[in-house]
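Right, one structure below, let's go through it.
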Amino acid sequence: MALLTHLLACVFGTGSWVAINGLWVELPLLVRVLPEQWDLPSYITIIIQMANVGPLFVTLMHRFWPGSLKEVAVIYVVVSLGVVACLLLAFLWNQTSLIAGTPHSTAFLILTFFLALVDCTSSVTFLPFMMQLEPQYLTTFFIGEGLSGLIPALIALGQGSGISSCVNVTLPDNVTNTTGSPGFQMETRYLPANFSTLLFFLLMTGMMVACLVAFFFLARQPKVWELSQQQLVPSTIILSSFDQIPEDAAGSGRGGGYPCPKKTKRPMEDPLETASHPLAKLAFIYLLIAWVSSLTNGVLPSVQSYSCLPYGNTAYHLSATLSSMANPLACIVAMFLPGRSLVLLGALTLAGTAFGAYNMAIAVMSPCPLLQQSQWGDVVIVSPLGVP
Numbered sequence: 018m019a020l021l022t023h024l025l026a027c028v029f030g031t032g033s034w035v036a037i038n039g040l041w042v043e044l045p046l047l048v049r050v051l052p053e054q055w056d057l058p059s060y061i062t063i064i065i066q067m068a069n070v071g072p073l074f075v076t077l078m079h080r081f082w083p084g085s086l087k088e089v090a091v092i093y094v095v096v097s098l099g100v101v102a103c104l105l106l107a108f109l110w111n112q113t114s115l116i117a118g119t120p121h122s123t124a125f126l127i128l129t130f131f132l133a134l135v136d137c138t139s140s141v142t143f144l145p146f147m148m149q150l151e152p153q154y155l156t157t158f159f160i161g162e163g164l165s166g167l168i169p170a171l172i173a174l175g176q177g178s179g180i181s182s183c184v185n186v187t188l189p190d191n192v193t194n195t196t197g198s199p200g201f202q203m204e205t206r207y208l209p210a211n212f213s214t215l216l217f218f219l220l221m222t223g224m225m226v227a228c229l230v231a232f233f234f235l236a237r238q239p240k241v242w243e244l245s246q247q248q249l250v251p252s253t254i255i256l257s258s259f260d261q262i263p264e265d266a267a268g269s270g271r272g273g274g275y276p277c278p279k280k281t282k283r284p285m286e287d288p289l290e291t292a293s294h295p296l297a298k299l300a301f302i303y304l305l306i307a308w309v310s311s312l313t314n315g316v317l318p319s320v321q322s323y324s325c326l327p328y329g330n331t332a333y334h335l336s337a338t339l340s341s342m343a344n345p346l347a348c349i350v351a352m353f354l355p356g357r358s359l360v361l362l363g364a365l366t367l368a369g370t371a372f373g374a375y376n377m378a379i380a381v382m383s384p385c386p387l388l389q390q391s392q393w394g395d396v397v398i399v400s401p402l403g404v405p
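Sequential numbering from 18 applies to the sequence shown in our numbering.
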């Protein structure tokens, strides 16, 4: 039973950010079709930040009307919304409409907002629910949360990016040169990926459905306070039995026992020593978190198309998938090799900032960046994006 609960907790954790992570790794194929093209990552970044209204609403409700929101009901609504949005996205992702005379992928952007709303809200609802279960299942939940980035990345690697090739295209008769002979021009043709974007989003829908089913069974698991009450019942019976012992029998020492004092005073326990961090250290840690989060969740993803696409679709595809795989792999390494040194954290942040600065510089120089015609350019641009 415990193994099954661990499996359910892991599957439930995979639904936390699987939808948005799936969008990021699918971008190399989406930018070739949707009218926003290279600007699409910027649109998605802004939409995700707008979707933070979800966790803000939940936080304010808990602050000003405590007890009015139930985690179980909210999670059912949130995950069900994610299932519907993923399913609609599979069939409507390439539908466009004219806004101010310019085509836009309206359906894709609207559904992206709902998916971002689901994933952002999961950060303030999934964890409080898991804390109601036994503590050992919380670690399994975090493993599943890491898999929400790893699994879509592996699926995207299997999907591939499609190979591009340049072909000669004959111009129509009404577009000819002055000599009257037919004209030719070079055009880029993309071979299809190993499977379609429709199938990819259907797989993401399946993962959201699995998350909903796992939560259905987890919600029926005994909570921590219920287990505590069950464990307290026999203890109460034993204590009641002791209370019924006569005072003369308790102090007579029969049966080779020691006399029981009527009242025992427990010695004063020393207060637990708590490690208090100076304010400067806490400020430094929060500053690092804010800086790294701004790079990984805002700045670098929004310019990823400009920094990677000049090197080809394969480079962009590898950058998107490997960067999604880097986060869960880094968390696994941190579990076995924990580091609490502020110097180490600062050094890693500086290294990530340096790589991020290189990517920003490449994005500024786009579409003609450094080492564009060299294979080393592909290697360099793929490797740093997963570091921050």
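Here a beta-carbon is modelled for each residue, glycine too, at the ideal position from N, C-alpha and C.
Beta-carbon gap between residue i and residue j smaller than 9 Å
{"i": "residue 80", "j": "residue 330", "result": "no"}
{"i": "residue 58", "j": "residue 321", "result": "yes"}
{"i": "residue 383", "j": "residue 312", "result": "no"}
{"i": "residue 373", "j": "residue 316", "result": "yes"}
{"i": "residue 232", "j": "residue 32", "result": "yes"}
{"i": "residue 170", "j": "residue 352", "result": "no"}
{"i": "residue 228", "j": "residue 91", "result": "no"}
{"i": "residue 235", "j": "residue 98", "result": "no"}
{"i": "residue 172", "j": "residue 360", "result": "no"}
{"i": "residue 149", "j": "residue 19", "result": "no"}
{"i": "residue 70", "j": "residue 86", "result": "no"}
{"i": "residue 314", "j": "residue 65", "result": "yes"}
{"i": "residue 40", "j": "residue 333", "result": "no"}
{"i": "residue 167", "j": "residue 346", "result": "yes"}
{"i": "residue 159", "j": "residue 348", "result": "yes"}
{"i": "residue 110", "j": "residue 51", "result": "yes"}
8 Å contact criterion, which residue i and residue j should meet: CB distance rounded
{"i": "residue 119", "j": "residue 61", "result": "18 Å between Cβ atoms; not a contact."}
{"i": "residue 174", "j": "residue 338", "result": "5 Å"}
{"i": "residue 94", "j": "residue 224", "result": "Not a contact, Cβ separation roughly 18 Å."}
{"i": "residue 406", "j": "residue 222", "result": "Outside the displayed range of the chain (18 to 405) lies residue 406, so it cannot be described from this structure."}
{"i": "residue 307", "j": "residue 46", "result": "Not quite, the Cβ-Cβ distance comes to about 32 Å (not below 8 Å), so this is no contact."}
{"i": "residue 165", "j": "residue 38", "result": "6 Å"}
{"i": "residue 100", "j": "residue 226", "result": "6 Å"}
{"i": "residue 354", "j": "residue 305", "result": "About 18 Å separates the two Cβ atoms, so there is no contact after all."}
{"i": "residue 146", "j": "residue 88", "result": "5 Å"}
Contacts around residue i, its chain only, beta-carbon distance under 8 Å, and the 5 residues preceding and following it disregarded
{"i": "residue 112", "result": "122, 123, 124 and 125"}
{"i": "residue 72", "result": "137, 138, 140 and 141"}
{"i": "residue 356", "result": "362"}
{"i": "residue 55", "result": "48, 322, 323 and 326"}
7 Å CB neighbourhood of residue i in its chain, flanking five on each side removed
{"i": "residue 328", "result": "389, 394, 395 and 398"}
{"i": "residue 68", "result": "130, 133, 134 and 137"}
{"i": "residue 176", "result": "210, 211, 212 and 217"}
{"i": "residue 161", "result": "26, 27, 28, 29, 30 and 31"}
{"i": "residue 107", "result": "215, 218, 219 and 222"}
{"i": "residue 23", "result": "154 and 157"}
{"i": "residue 63", "result": "none"}
{"i": "residue 318", "result": "41, 58 and 62"}
{"i": "residue 391", "result": "none"}
Residue environment, residue i, which counts as buried when at least 16 other CB atoms sit within 10 Å
{"i": "residue 239", "result": "exposed"}
{"i": "residue 163", "result": "buried"}
{"i": "residue 83", "result": "exposed"}
{"i": "residue 157", "result": "buried"}
{"i": "residue 303", "result": "exposed"}
{"i": "residue 297", "result": "exposed"}
{"i": "residue 295", "result": "exposed"}
{"i": "residue 96", "result": "buried"}
Own chain partners of residue i with C-beta closer than 6 Å, once the 5 adjacent residues on each side are dropped
{"i": "residue 380", "result": "320, 323 and 324"}
{"i": "residue 300", "result": "none"}
{"i": "residue 21", "result": "none"}
{"i": "residue 114", "result": "123"}
{"i": "residue 151", "result": "none"}
Distance cut-off 8 Å: residue i Cβ against heavy atoms of the ligand MG
{"i": "residue 330", "result": "With respect to small molecules bound, the structure shown includes none, and the ligand MG cannot be examined in it."}
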